[in-house]
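In the numbering used here, the protein residues as written are 8 to 86.
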C-alpha cells in the first residue's frame with residue numbers, strides 16, 4: 008500500500024484528485040466499509056471523496072490515510 012501510494016504521489020504532480028483516486032483504489036482493496044468506519048466517515052461520502060472527480064479536503068485525506076494504517080510525512084525536495 009505505502010509503495011503504491013508513494014509512486015502515485017510522485018506521478019500526481021500536484022493533482023489532488025489523482026491522489027484521491029489512488030487512495031480510493033487502496034481503500035477498495037482493504038474494504039471501503041471498514042475504511043469508512045475507521046475514518047469516521049459514511050461509506051457514501053468516502054466513495055465521493057475518493058472518486059477522483061473532485062479534490063477532497065485535507066482533513067478527509069488525513070482520516071483516510073490513518074484508517075489505512077499509513078502515516079503522512081514530509082521530505083525535502085532534491086531539486
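Note that the Cβ used here is the ideal one computed from N, Cα and C, for glycine as well.
Predicted, not measured: the structure shown is a model, and the values here were computed from it.
One Cα belongs to residue 25, the other to residue 59, and the distance between them is close to 6 Å. DSSP, read as helix, strand or coil, puts residue 62 in coil. For residue 37, the closest C-alpha among the options 68, 75, 13 is that of 75. A direct Cα-Cα distance of roughly 24 Å separates residue 31 from residue 82. With contacts defined as CB atoms closer than 7 Å, residue 43 and residue 50 qualify as a contacting pair.
Taking C-beta separations shorter than 7 Å and ignoring five residues to either side along the sequence, the partners of residue 47 in its chain run 70, following chain order. When secondary structure is reduced to three states using DSSP, residue 82 falls in the coil class, being assigned neither helix nor strand.
For residue 22, no alpha helix (DSSP H) encloses it, and the DSSP letter there is neither H nor E.
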